[in-house]
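Engineer: The following block contains the structure, expressed as structure tokens.
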Amino acid sequence: MAFTYFFRDLQTLEMVRDHVIPALRSRRFIKIWDAGCAMGPEPYTLAIILRENMGPTFRNVKIYATDIDESGHFGEIVNNGIYPKDQVKRIPKRIFEKYFKENGNPGHFIVAEKLRRCVEYQHHDLLSLVPIMKDLGLIMCKNVLLHFNEKERVEVIKMFHDALAKGGFFVTEQTQKMPSQVSRLFEPVVSHAQLFRKRS
Ligand SMILES: C[S@@+](CC[C@H](N)C(=O)[O-])C[C@H]1O[C@@H](n2cnc3c(N)ncnc32)[C@H](O)[C@@H]1O
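Sequential numbering of the sequence shown, starting at 4, is according to the working numbering.
Have a look at this one:
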């Protein structure tokens, strides 16, 4: 259930780069919630894309990465940012060389400190329907909502809407359609990805 990998679904992340960064980069604080982050490849991939494209304003970004984590180990893995070779081998060479280095334990690589500073893990159950905070600029929730029934999906998306700042964004995976019960709360940003902007 916690299947994930670095640079998964790059097309959706490129939509974030092209549409979300320009809209949020002038904000003093850019708060992002990665809901259902698994062991961290997703929030760290997002952090890399933001750092590569935002220049100095990247220092204003915080990614709050959360998961229900039935194993009890995700917090340690995400916060330490150490991954074995087989999990980092898909990362493009230039990016890998820039943001990862061997950590002393052969075959294991640590994420650069500037990215680890930006990503903060918390345990969180989406079905509690209590947001981790409000005024978020972006909520990313990919490959998680499919595990919920329709009523749960609708309630979780309402909670996301409530947690977003005015003009904030919500992105989910390509195959996850916005339920009709909540579609009035968001406007689609593009036709070819599940990227939405909060209607005020
Ligand atoms: C398939 S992984 C997706 C990881 C990442 N978002 C990605 O797309 O690569 C699904 C994640 O959702 C988490 N999850 C499942 N139910 C959840 C819940 N109620 N609250 C928070 N996270 C949950 C699982 O623990 C798992 O890590």
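All C-beta atoms in this analysis are idealised placements derived from N, C-alpha and C, irrespective of residue type, glycine included.
1. Kindly examine ligand 1 and report whether one of its heavy atoms sits closer than 6 Å to the Cβ of A26.
2. Counting only the same chain and skipping the five closest in sequence on each side, list residues whose C-beta sits under 6 Å from that of V133.
3. State the DSSP-derived secondary structure class of T69, mapped to helix, strand or coil.
4. Closest to V159 by C-alpha separation, out of I135, G170, Q177, would be which residue?
5. Using only CA atoms, which one of G39, E45, G58 lies nearest to S29?
6. Cβ atoms of I85 and H111: under 7 Å apart, would you say?
7. Spatial neighbours of A50 within its chain, please: C-beta separation below 7 Å, excluding the five flanking residues on both sides.
8. Return yes when the Cβ of Y8 is within less than 7 Å of the Cβ of P44, no when it is not.
9. Cβ-heavy atom distance between R120 and ligand 1 below 6 Å?
10. Can you tell me where the beta strand (DSSP E) with M143 in it begins and where it stops?
11. Considering only C-alpha positions, which residue in the set L141, P87, V23, V192 is nearest to N56?
Structural biologist: With the structure as the only source:
1. no
2. none
3. Correct three-state label for T69: strand.
4. Measuring from the Cα of V159, the nearest candidate turns out to be I135.
5. G58
6. yes
7. I66, L118, C121, V122
8. yes
9. no
10. 139-143
11. V23
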